[in-house]
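The opening residue of the sequence shown carries number 8 in the working numbering; numbering runs sequentially from there.
Below: one structure, written as C-alpha cells.
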Amino acid sequence: MFKQRLYIDLGTANTLVMHGSRGLVANEPSVVAYIQRDTRRQIVAVGTEAKSKIGRTPGKLMADHPLRDGVVADLDSTQALLRYFIQAASPRFSFTRPSLVISLPYGVSDVEKKAVRDCAISAGASDVTLIEEPMAAAIGADLPVHAARGNMVIDIGGGTTEAAVISLYGIVACEAVRVGGHAFDESIVELLRRRHNLIIGLPTAERVKIAIGSALSGSDEFAPVRGLDFTSGLPREVSISAEEIHQALDPHLLEILSAVKRALQLTPPDLLPDLIKTGAVLAGGGALLKGIRERFERELKIPVRIAEDPLLAIANGGRKTLIDKDLLSKISLPESHRGLSAVTF
8 MFKQRLYIDL GTANTLVMHG SRGLVANEPS VVAYIQRDTR RQIVAVGTEA
58 KSKIGRTPGK LMADHPLRDG VVADLDSTQA LLRYFIQAAS PRFSFTRPSL
108 VISLPYGVSD VEKKAVRDCA ISAGASDVTL IEEPMAAAIG ADLPVHAARG
158 NMVIDIGGGT TEAAVISLYG IVACEAVRVG GHAFDESIVE LLRRRHNLII
208 GLPTAERVKI AIGSALSGSD EFAPVRGLDF TSGLPREVSI SAEEIHQALD
258 PHLLEILSAV KRALQLTPPD LLPDLIKTGA VLAGGGALLK GIRERFEREL
308 KIPVRIAEDP LLAIANGGRK TLIDKDLLSK ISLPESHRGL SAVTF
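Here is the structure:
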C-alpha cells in the first residue's frame, strides 16, 4: 500500500505542510487552544481557529504556542498540533501512517530532536527524518548546496534568526539569535505603551510593521493605530511615524546583523571569496521588511538578495527533499548529530 510522505515546517509562528506532488497542503498558525481541567488539558482548537481565540477567550480557555524558538516547549500541545496537521494533509479515508520529514533549528540537542520524533510518532507518523532549517531554506532559495563553494542563507523566522554558510551538503558555519518577527511585533507593542500610553495586541503591531516598518531610517510616513488608552481603558487612536517604528525595530536588526557577522567570521577562509562574489540570500517572513536588503548590503559589504518566495523558502526546500531521496539522504540528521554552532536552546 502506498505510504504518504509529508514535509512539516514546525515554525514558532506558523506550521506549513508540503506534499511532494500536491505542494502546500496546510499553512496555519502554530497555536493550540485548550481548557485546563485540574492536571489535564482538553484541546479544543488548533491552528487558525485557535489563533482567533487569542485575546477573545473566556477565562477558562487558554491559547498556547507549543514551540518556542523553533523547538518543543510543550509536548502535549506539540503532539496535538502535529496530529491536526497530519490529519489535515492526509486523504479522508487513509489507513496508513505517513512518513514525515521535519526541519529543526541548527544545533538543537539530542533531547530536543527526540522530543520532536516522539511527538510525531505519537501523533500518527510511521517514521520521522529530521533536517536542519538553514539547509532547507538554502535549498528552497535555489542555492547550490551540493557545490564546493560557499553559500550563505539568512533565515529570519518568527522566533529565531539563523545565518548559515553551506558547502558540499553541509553547514560549515552557523549563528543564531532568538530574534525574529515576534520580537519586531513585541517592540512595537512596547513602543505604543511606553510612548503613547496605548495598549495594542500583537496582530495590530504586525499590521503596523507591514504598513510602515522599515530597516532604514528617514521615512516620513505615518499610520493610524487604534487601541485602548492605558489610563482610561477607553478606545483611542494615535498617529505613529515610520521613524518611531524604525527606532523600535533597529535594536533587533542590529542583533541579527551581529549574528550574521559572527557567522562570516566562523567561515573557512577558502569560502569567503565565494561569499564576497555571490553574497547572501534572505529568507523567512523577516525578509519582507522594507529596506532590509539595502540595510544588510550596506552593513555586511556583500551582495544580498531576497529569496523568490521568502515565506515559503524552508517549506519549498523541504518539499524538494520529498521528491529527491538522494538529496534527503545527504542532508538528514542522524540521531546523534549535535551540530557545530555554539548556540544553545
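Glycine residues also receive a C-beta, built at the ideal position from the N, C-alpha and C atoms.
Ends of the alpha helix (DSSP H) at residue 203? 188–203
Considering only residues of the region 91–161, which uninterrupted alpha helix (DSSP H) runs meet the minimum length of 4 residues and lie entirely inside it, listed in chain order? 117–130 and 140–147
One question on the structure: do residue 103 and residue 10 come within less than 8 Å of each other, judged by their Cβ atoms? yes
Report the option in 49, 258 and 29 whose CA atom is closest to the CA atom of residue 187. 258
Can you tell me whether DSSP reads residue 242 as helix, strand or coil? strand
Closest to residue 91 by C-alpha separation, out of 206, 212 and 24, would be which residue? 24
Verify whether the separation of the beta carbon atoms of residue 182 and residue 314 is less than 8 Å. no
Closest by C-alpha distance to residue 265, when choosing among 220, 209, 184 and 241: 184
Starting from residue 184 and walking both ways along the beta strand (DSSP E), at which residues does that stretch end? 177–184
Please work out which residues of its chain come closer than 7 Å, Cβ to Cβ, to residue 276, disregarding the five sequence neighbours upstream and downstream, and give them in chain order. none
The region 244–251 in contact with the region 220–234 per 3-pair CB rule at 8 Å: yes
Terminal residues of the beta strand (DSSP E) in which residue 254 lies: Per DSSP, residue 254 belongs to no beta strand (DSSP E); it is in the alpha helix (DSSP H), 249–273.
Return the Cβ separation of residue 210 and residue 169 in integer angstroms, given the expectation that the two are a contact with Cβ distance under 8 Å. Not really, about 25 Å apart at Cβ, beyond 8 Å.
Got a sec? Which residues, its chain only, sit under 8 Å from residue 42 by beta carbon, not counting five neighbours each side? 48, 49, 51, 67, 68 and 69
Going by the CB atoms, is the gap between residue 13 and residue 107 shorter than 8 Å? yes
Cβ contact (3+ pairs, closer than 8 Å) linking the region 129–142 and the region 325–335: yes
Exposure label - residue 239; buried when at least 16 CB within 10 Å: exposed
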